[in-house]
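> In full-length UniProt numbering, the protein residues as written are 1 to 280.
Right, I'll just put the structure down here and ask away after.
Okay, structure coming up:
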């Protein structure tokens, strides 16, 4: 049933009920029901129809309005991601490619050993940044980060897309119920989890990763991404070229969430995001 049809029925059903009642009363029930009783029964019948039929129509109308609102939010978010992806591609991505070309020319010129080593390091940094930008563009254009699908399906899809063919097993313990977060919070949390999984694929040399999330307190949640990889010292995690860690921290701080990353060599890495409740 269309939105217009629902509004039409809600407007006309009370009028039709009163008209039908008056017709039946005057044609068939007038010898049996007094005028006073008939006038009393008319609003009672309208009230009963309101409780039964109209209440269901109002509930369906509200569902349609909520669906339209979710669609508008999803469309707006998709348009913003598309615009940001274009800006990244036309700006940073192309600049990095141009820088890589200039490094190629520089490497073929006469350089001493120190300068050549520095050039190699710069190239590696440019390569990592370029890969991060390309992945960010892919994430922005990917339909998997949406708000109208099951959270578990969205997280499972992200884990499969990022870790397929890598030999890393994914274990999901997702106990955060639908509706616990707003659409914006869900998109930001998914983005942080995707970045954490990408870091597992690129750096961790792990064979297993766990994604755990559950409610914490009345309005909080706890989420962690834990791998069994080689780990890294804190100084390396906070290095200036670890843009993924900085991005995750910035996203969490903008949402007012607590963010922590714990790692030790040969003991794996754990990314933690918390909202509300006590820190673990």
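Idealized CB from N, CA, C, for every residue including glycine.
Is the beta carbon of residue 130 closer than 9 angstroms to that of residue 100?
In contact: residue 100 and residue 130 (Cβ atoms closer than 9 angstroms).
> The alpha helix (DSSP H) with residue 38 in it runs from where to where?
Per DSSP, residue 38 belongs to the alpha helix (DSSP H) from 35-49.
> Considering only residues of the same chain and omitting the five flanking positions on each side of residue 252, which have a CB-CB separation below 6 angstroms?
Here the set comprises 259 and 273.
> Please report the straight-line C-alpha distance between residue 295 and residue 209, rounded to a whole angstrom.
Because the chain here runs from 1 to 280, residue 295 falls outside it and cannot be looked at.
> How about residue 27: is its C-beta nearer than 9 angstroms to some C-beta of chain C?
Among the chains in the structure shown there is no chain C, since it carries only a single protein chain.
> Going by DSSP, which residues form a beta bridge with residue 210?
171 and 226, per the DSSP bridge assignment.
> Tell whether a beta-carbon distance below 9 angstroms holds between residue 193 and residue 223.
Yes. Within cutoff.
> Using a 10 Å radius around the Cβ and a threshold of 16 neighbouring Cβ atoms, would you call residue 206 buried or exposed?
Buried is the call here.
> Kindly indicate the opening and closing residues of the beta strand (DSSP E) around residue 274.
269-275 is the extent of the beta strand (DSSP E) around residue 274.
> For residue 197, tell me which candidate among 217, 182 and 158 has the shortest Cα-Cα distance.
Residue 158 is the option with its Cα nearest to residue 197.
> Would you list the residues sitting across from residue 220 in a DSSP beta bridge?
Note: residue 220 sits in a beta bridge opposite 216.
> Would you report the Cα separation of residue 102 and residue 122, rounded to the nearest angstrom?
Residue 102 and residue 122: Cα-Cα distance of roughly 11 angstroms.
> Suppose you measure from the CA of residue 29 to the CA of residue 23; what does that come to, to the nearest Å?
The straight-line gap from Cα to Cα measures roughly 9 angstroms.
> Report yes if the CB atom of residue 41 is closer than 9 angstroms to the CB atom of residue 21, and no otherwise.
In contact: residue 41 and residue 21 (Cβ atoms closer than 9 angstroms).
> With distances taken from CA atoms, which of 56, 211, 173 and 217 is nearest residue 180?
Out of 56, 211, 173 and 217, 217 has the C-alpha closest to the C-alpha of residue 180.
> Whose CA, out of 54, 221 and 204, lies closest to the CA of residue 270?
Closest option to residue 270, Cα to Cα, is 204.
> Which residues bound the beta strand (DSSP E) around residue 204?
Counting along the chain, residue 204 falls outside any beta strand (DSSP E), and DSSP gives it neither H nor E.
> Please classify residue 39 as buried or exposed, where buried requires at least 16 other C-beta atoms within 10 Å of its C-beta.
Burial call: exposed.
> Which residues in the same chain have their Cβ closer than 6 angstroms to the Cβ of residue 278, if we skip the five residues on either side of it in sequence?
Residue confidence for residue 278 is low, a pLDDT of 46 falling below 50, so the modelled location carries little weight and cannot support an answer.
> Residue 258 bridges to which residues according to DSSP?
BP columns for residue 258 point to 274.
> Give the straight-line distance between the Cα atoms of residue 4 and residue 220, rounded to the nearest whole angstrom.
Rounded to the nearest angstrom, the two C-alpha atoms are 39 angstroms apart.
> Would you call the CB atoms of residue 211 and residue 155 closer than 9 angstroms?
Yes, these two residues count as a Cβ contact at 9 angstroms.
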